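This report concerns only the one structure given below.
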Ligand SMILES: Nc1ncnc2c1ncn2[C@@H]1O[C@H](COP(=O)(O)OP(=O)(O)OP(=O)(O)O)[C@@H](O)[C@H]1O
Ligand SMILES: [Mg+2]
């Protein structure tokens, strides 16, 4: 096997139950010291495939080789022992612990160090790669970006040479993304292999050396990023030529269906969950909502799921065409409005 290959996955298949084949006969390689983007539509099997490298799942069939040797990864500990660490979309940190205590958690007693030594090691890792972590800070005081940084530092502290980041930029601002990319490049310069799962094609083009594409659980191919374009990657992901310049005709005689004006809500803890939100939804249009996951996503989930909130301020919300307030059940099922909109509209008008 090529000496430059850090990990080789051969004919990997993984099914959930009898109906869902998340990965079907996938064979791909991760080179030493490269940044590999793993690309695919929702549900194409990216996380499942990487979860097998990180010991969360075990393949039904197929083989995994690390540095040319066949390995059997049956737990995250096996993966760490092989130098593989994964930073999951949902962080695995203990909120009431400090950064140091989180790094110490779960370490083998034989190699365990005291907190002072660990704090020093954290600082060394930060200096080496350009991270910024306060070893004494409690996780509940950290921003999402700081928590993610801590997860990466934790993985490096355990000696990972192959790092898998699952949609790391989904929770970051553009400035935080730039910072993350800088440390990813520093890790690559230190010889680490980094696999970054992302949907964002501009990020794939900006950060990776190669791109591997999955579609519906199957491996489609790997291309050099320098030879790829947004169009070529999209076509590979979707499996057909995709028209990226979508025509967006103006709606004909649009009518205002929902109008939210200066809506501010407090959540059950008294924290401002929505702050002066205003928007209209017109007939014949699709309205997109973009939010940072840390803030609005949890708010909208809370709003949509259960505690429909009372607006603290907000001058008006109107829902035309409906003689009576639609039920919450209707709102959640409605194909017309995303849950957010319906929940907000409900909360504003009928709470
Ligand atoms: N634990 C599980 N049990 C059952 N089905 C699962 C499980 N995990 C994943 N799947 C299914 O396997 C398929 C692949 O899922 P996976 O999460 O790996 O895709 P993905 O490419 O990471 O998608 P996304 O971009 O949405 O994160 C999907 O159909 C998903 O519903
Ligand atoms: Mg995923």
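Residue numbers (the numbering used here): 22 to 372.
Backbone N, C-alpha and C define an ideal beta-carbon position, used for all residues, glycine too.
Please read these numbers as outputs of a predicted model, since none were measured by experiment.
**Prompt:** Where are the beta strand (DSSP E) runs, 3 residues long or more, that stay fully inside the stretch 22-99, in chain order?
**Reply:** 26-37, 41-52, 56-60, 82-87, 90-92
**Request:** Specify, as a first and last residue, the run of the beta strand (DSSP E) that residue 277 falls within.
**Result:** 277-287
**Request:** Taking 8 angstroms as the cut-off, decide whether the C-beta atoms of residue 308 and residue 302 are in contact.
**Result:** yes
**Asked** Which residues, in chain order, sit with a beta-carbon under 6 angstroms away from any heavy atom of ligand 1?
**Response** 37, 41, 43, 61, 63, 64, 65, 66, 67, 68, 69
**Prompt:** Excluding the five sequence neighbours on either side, which residues of its own chain have a C-beta within less than 6 angstroms of the C-beta of residue 86, listed in chain order?
**Reply:** 29
**Request:** Pick out whichever of 50, 31, 27, 100 has its Cα sitting closest to the Cα of residue 81.
**Result:** 31
**Request:** Going by CA-CA distance only, name the one from 277, 279, 224 that's closest to residue 249.
**Result:** 224
**Request:** Quick one: give me the first and last residue of the alpha helix (DSSP H) that residue 110 is part of.
**Result:** Looking at the DSSP string, residue 110 is not in any alpha helix (DSSP H), and its letter there is neither H nor E.
**Request:** Could you check how far apart the C-beta atoms of residue 146 and residue 115 are, in whole angstroms? I think they sit under 8 angstroms.
**Result:** About 19 angstroms separates the two Cβ atoms, so there is no contact after all.
**Prompt:** What separation, rounded to the nearest whole angstrom, lies between the Cα atoms of residue 246 and residue 88?
**Reply:** 24 angstroms
**Contact belief for residue 108 with residue 169 at Cβ below 8 angstroms, rounded distance in angstroms** = 7 angstroms
**Asked** For residue 126, does the count of other Cβ atoms within 10 angstroms reach 16, so buried, or fall short, so exposed?
**Response** exposed
**Message:** What does the alpha-carbon distance come out to for the pair residue 156 and residue 138?
**Reply:** 11 angstroms
**Message:** If you measure between the beta carbons of residue 193 and residue 106, is that distance less than 8 angstroms?
**Reply:** no
**Sequence-distant residues of its chain with Cβ nearer than 6 angstroms to residue 326 (five each side left out)** = Note that residue 326 scores a pLDDT of 42, beneath 50, so its modelled location is shaky; the value from the coordinates is reported in the next line. Closer than 6 angstroms at the Cβ level, and outside the excluded window around residue 326, lies no residue.
**Message:** By alpha-carbon positions, which one of 189, 57, 278, 150 ends up nearest to residue 178?
**Reply:** 150
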